[in-house]
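Participant: This is the structure I want to talk about, given as structure tokens.
Numbering (this note's numbering), first residue to last: -11 to 177.
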């Protein structure tokens, strides 16, 4: 049976292993069509976000880490330039009539699910674990997806109900920015 919970320090090696397996730079063009993650995290960066209750993981019946999802404050994510660029776009963005700010929103992602477990509802389970925790502090979640990562875009817009609110270019890549109303459970979809 699959178990989903907030990540702990003992999960760091499993997160790093799964990240390495699906990191964009480690995949060929065909493998990338099945989804990838672009932001590499170090063990120290993972430990820091774990201390903020910002990593959610799934374990299979053999207690092996098979999925993770990150979520955190814009302060945490400012160590990567793409997130600062996203925040700089907030003044012109809104979601369901509400202005997006660093106070009312947080960054969700990356999320990574082992290929053997994709398409089985695990995304909804891990996202719901994160949603319940982060709804305590923020009504809106924001993320971005590289436009070439079509599988991730479909999973988030079709399975979870994220809405595209922006498009931007960064480091010669094209991205979409998405928002999610944290009051909506994804287990009912």
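Built from N, CA and C at the ideal position, the CB exists for glycine as well.
For residue 152 and residue 134, what's the separation of their Cα atoms in angstroms?
Facilitator: 12 Å
Participant: Any C-beta of chain C sitting closer than 8 Å to the C-beta of residue 59?
Facilitator: You won't find chain C in this structure, because it holds only one protein chain.
Participant: Could you give the distance in angstroms between the alpha-carbon of residue 183 and the alpha-carbon of residue 100?
Facilitator: Given a span of -11 to 177 for the chain in the structure shown, any question on residue 183 remains unanswerable.
Participant: Mapping the DSSP letters down to three states, classify residue -2 as helix, strand or coil.
Facilitator: The DSSP-derived three-state label of residue -2 is helix.
Participant: Taking residue 95 as part of the beta strand (DSSP E), name the residues at either end of that continuous run.
Facilitator: Here the beta strand (DSSP E) through residue 95 covers 93 to 101.
Participant: Tell me the rounded alpha-carbon separation between residue 15 and residue 136.
Facilitator: Distance between the alpha carbons of residue 15 and residue 136: 13 Å.
Participant: Can you tell which of 97, 122, 11 and 7 has the C-alpha that lies nearest to the C-alpha of residue 91?
Facilitator: It is 122 whose Cα lies nearest to the Cα of residue 91.
Participant: Expressed to the nearest angstrom, what Euclidean distance is found between the alpha-carbon atoms of residue 146 and residue 120?
Facilitator: 20 Å
Participant: Candidates 78, 45, 73 and 65: which alpha carbon is nearest residue 112's?
Facilitator: 45
Participant: Where does residue 60 land, buried or exposed, given buried means 16+ other C-beta within 10 angstroms?
Facilitator: Label assigned to residue 60: buried.
Participant: Under the three-state reduction of DSSP, which class applies to residue 124: helix, strand or coil?
Facilitator: coil
Participant: For the alpha helix (DSSP H) holding residue 71, just list the boundary residues, first then last.
Facilitator: Taken as a continuous stretch (DSSP letters only), the alpha helix (DSSP H) holding residue 71 covers 69 to 76.
Participant: Buried or exposed: where does residue 18 fall if 16 or more other Cβ atoms within 10 Å of its Cβ makes it buried?
Facilitator: exposed
Participant: Would you please state the rounded distance, in angstroms, between the beta carbons of residue 70 and residue 34? I believe it to be under 8 Å.
Facilitator: That belief does not hold up - the Cβ atoms of residue 70 and residue 34 are roughly 18 Å apart, past 8 Å.
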